[in-house]
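Numbering (the working numbering), first residue to last: 4 to 93. Even for Gly, the Cβ is constructed at its ideal location relative to N, Cα and C.
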């Protein structure tokens, strides 16, 4: 895959949702809580007003409704602005 986000956008691979079982009942994917963290895959160059702080390989936290879901080569990603990222995990 060769993708380069533009401007202040960031491509993130969301962390996998944890498998939850309740008394032997497996919760389906549609009912699982979406993960709120992921790994930065690629970043844009920033804008003249905002430099890029995050870089590829960072693990970040983002808001519940942040970003746009896209699918490339069978893998789901989120594309969002850097300002939608809440924190970088150390």
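- For residue 42, the closest of 51, 29, 58 and 12 by C-alpha to C-alpha distance is 58.
- Ranked by how close their Cα comes to the Cα of residue 83, the residues 44, 26, 29 and 5 have 44 in first place.
- Shown here for residue 9: same chain residues with a beta carbon closer than 7 Å to its own, the five before and five after excluded, namely 47 in chain order.
- For the 8 Å CB-CB criterion, residue 64 and residue 40 form a contact.
- DSSP places residue 41 inside the beta strand (DSSP E), whose first and last residues are 40-46.
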